[in-house]
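In the numbering used here, the protein residues as written are 865 to 1321. Backbone N, C-alpha and C define an ideal beta-carbon position, used for all residues, glycine too. What you are looking at is a predicted structure, and each value in this text was computed from that prediction instead of being measured. These notes are about the structure you will find just below.
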C-alpha cells in the first residue's frame, strides 16, 4: 500500500477503533474518506495511524504533490484537534462533523492557506474562535461550526474583515455569536447559504442585511450576488420588529426559517407568496398578527409550513388547498377562525393537534361541526330551537297526564287493598249501583214495549 493515494471506506459499517497500520503503508495519501462509520478513538491517534512515512503524518503530508482531503465525519472520534494541524499546508478539505471531539480549536488552523472546506459541526468544542483562526483562510468556500457544549463562543473584533472573500456557505449554531448581529457578514458578497441558529443574537436585524437580500438594493455589489441566496435560517435568536418584504426578494430562496424569535408584524408580507421555489417556511413561536395572506396558495412547491404559536387571526385561506406538495402543516395556537379547507392535501391532515389552540376553527379533523357557523343558518337554528321547545312542552303534557293517572289509580286501588272495610263498602256500593242500573234499564224497556204495543192496537 506504499503507493496508495486515495482511500474510500465511507459507509462501510466499520466499528470500533481503527486497526493500527504499519508505517510506510500510506506514504502519499491525497484523499482519506472514513466518514459515516462508527469509528472511535482519539483524533491525534488517528492522525498518527494515517502516518506512513514518518513519525508525524502532518510533516509528511505537507510534501505531497496533490491537495489533501480528510473526511472523518459521522463517527465517534474523540479528543482535540492537535495544534500540528497547521503544518498541513496542502490540506484542502477537513470534515469532522458529528463526532464527540472536544477541547479548543487550535489557532494554527488559520495557517491552512489551501483549505476550502472546513466542517466542525456538532462536536463538543470549548473555548473561543477568534480572528486568528481565520488569518490565512483566503480560499475558504464553506465553513460550519457548532458545539453541543455550552462553553463555546465565536468572537471576532468589531472591525474584522474576513479574509475568505469566496465564502458561499456558512453555518454557525449552538454557540455564542451575539448579542449584536455580525457586521462582518456584509463583506461576504458571495454567500448563498446562511445559518445563524441559536447564537444569542438579540435586537433588530440591521437594514443593510435586508439590502443584501433585496434585488432592489441600491448597492449593486450586494443585489448582484445575494440574489442567488437559497437558504436563510435565523431561528432561535431574539430578533424583534417586523418581517421586511425585502427578505423575500431572492428568487431562488428554498428555505426561510425565522422561528423562535420576537418578530412582530400586523401582516405577513404579501411578497412572501412570490417565492415560487420556497419549500420550507417556518415562522413559528413569534408574535405575528393579522391574517394569513390569501395568495399563499401560490407557493406550489411548499412542502412544510409552520405558523404555530403566533397571534394570527381570520380564516385559513382556501387557496392553501391547491398546495399539492404540502406534507407538513402546523397552524396551532393562533386565533384562526372559520372552516378548515378541504380537498387535495388537506384531506390527508388527520391530526387535530395541528389546529389546536384555535377555538373558532371548525371542520375536519376537528370535532366541531361548521353547519351552525355557515351564513344563513341562524334562522334555521332559531326554528330548530322553537321546534325543540315545542317538543319539550308536549313531553311535559304527556308526562303530567301519565303521572296523574298513575297517582289516581294507585291512590284508589291502594286504599282498597290496604283497608278491608273500605274494600267491602266499595264493592257493596258498586253492586248496589249495578242493581239500580239494571232495574232502571228493565223498567224503561217495559215502558217502551207497552207503548209500542198500544200503538199497534
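Item                                                                                                                              : Value
Where residue 1306 falls: helix, strand or coil (DSSP)                                                                            : helix
Backbone secondary structure at residue 1151 - three-state DSSP                                                                   : strand
Three-way DSSP call (helix, strand, coil) for residue 902 in this model                                                           : strand
Same chain, Cβ closer than 7 angstroms to residue 1016, neighbours up to 5 away in sequence not counted                           : 989, 990, 991 and 1039
Helix, strand or coil at residue 1051 according to DSSP, with G and I counted as helix                                            : helix
Nonlocal neighbours in the same chain, by C-beta distance under 8 angstroms from residue 1197, ignoring five residues either side : 1172, 1173, 1174, 1220, 1221 and 1222
Cα-Cα separation, residue 1071 to residue 1052                                                                                    : 16 angstroms
Backbone CA spacing between residue 1231 and residue 1213 [nearest angstrom]                                                      : 14 angstroms
8 angstroms Cβ cutoff, residue 1262 in contact with chain C                                                                       : No chain C appears in this structure, which consists of one protein chain only.
Member of 1006, 1133, 1119 and 1112 whose CA lies at the smallest distance from the CA of residue 1094                            : 1119
Whole-Å CB distance - residue 1002 paired with residue 977, under 8 angstroms assumed                                             : 6 angstroms
Outcome for residue 1242 when other beta-carbon atoms lying within 10 angstroms are tallied against a minimum of 16               : Bear in mind that a pLDDT of 42 at residue 1242, under 50, signals an unreliable position, so the model cannot answer this.
Collapsed DSSP secondary structure at residue 935 in the structure displayed                                                      : strand
Burial state of residue 1018 (16 or more Cβ within 10 Å)                                                                          : buried
Whole-number beta carbon distance between residue 902 and residue 873, since they are thought to touch under 8 angstroms          : At roughly 12 angstroms, the Cβ-Cβ gap does not stay under 8 angstroms, so residue 873 and residue 902 are not in contact.
Nearest-angstrom Cα separation, counted from residue 1138 out to residue 1192                                                     : 20 angstroms
Sheet register partners of residue 1057 (DSSP bridge)                                                                             : 1033 and 1095
Three-way DSSP call (helix, strand, coil) for residue 897 in this model                                                           : strand
C-alpha gap between residue 1189 and residue 881, whole angstroms                                                                 : 44 angstroms
8 angstroms Cβ cutoff met for residue 1130 and residue 1153                                                                       : yes
Straight-line gap, residue 1115 to residue 1056 (C-alpha atoms, nearest Å)                                                        : 12 angstroms
Residue 1043, buried or exposed, once every other Cβ within 10 Å from all chains shown has been counted against 16                : exposed
Residues that DSSP places opposite residue 870 in a beta bridge                                                                   : 895
Spatial neighbours of residue 1185 in its chain, beta-carbon cut-off 8 angstroms, leaving aside the 5 residues before and after   : 1161, 1205, 1206, 1207, 1208, 1209 and 1210
Sub-8 angstroms separation of residue 955 and residue 938 beta-carbons                                                            : no
Residue 871 versus 1260, 895 and 879, residue with shortest Cα-Cα distance                                                        : 895
Exposure label - residue 1124; buried when at least 16 CB within 10 Å                                                             : buried
Beta-bridge pairing of residue 1170 - partner residues as DSSP gives them                                                         : 1146 and 1194
Minimum C-alpha distance to residue 941 - residue among 986, 982 and 953                                                          : 986
Residues bridged to residue 970 (per DSSP)                                                                                        : None; residue 970 has no bridge partner.
Residue 956 - DSSP class collapsed to helix/strand/coil                                                                           : strand
Residue from 1000, 995 and 1012 whose Cα sits closest to the Cα of residue 984                                                    : 1012
Top-ranked residue by Cα proximity to residue 1007, from 1165, 958 and 1108                                                       : 958
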